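Worksheet: one structure, shown below.
Numbering (my numbering), first residue to last: -16 to 54.
Put into structure tokens, the structure is as follows:
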């Protein structure tokens, strides 16, 4: 096998390896984007629940203050 043929085969293998790596990184990137979107949705839901809990606590404290004031 000539040196040029070996060089071509070596380059073809490197190109194939790079294509495979690129495909793998693209898959991983898609998964990370999906996970990021999922975490952002979860964060939004948790912040809303935290706000609701704060409203509930503030309302409860206000009712207790009114009860104490009436005693």
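By construction, the Cβ of each residue, glycine as well, lies at the ideal position given by its N, Cα and C atoms. For clarity, every value in this text was computed on a predicted model and none was experimentally measured.
Nearest-angstrom Cα separation, counted from residue j out to residue i
i, j, result
"residue 43", "residue 15", "41 Å"
"residue 46", "residue 22", "36 Å"
"residue -10", "residue 4", "21 Å"
Limits of the alpha helix (DSSP H) - the one that residue i falls within
i, result
"residue 20", "-14 to 53"
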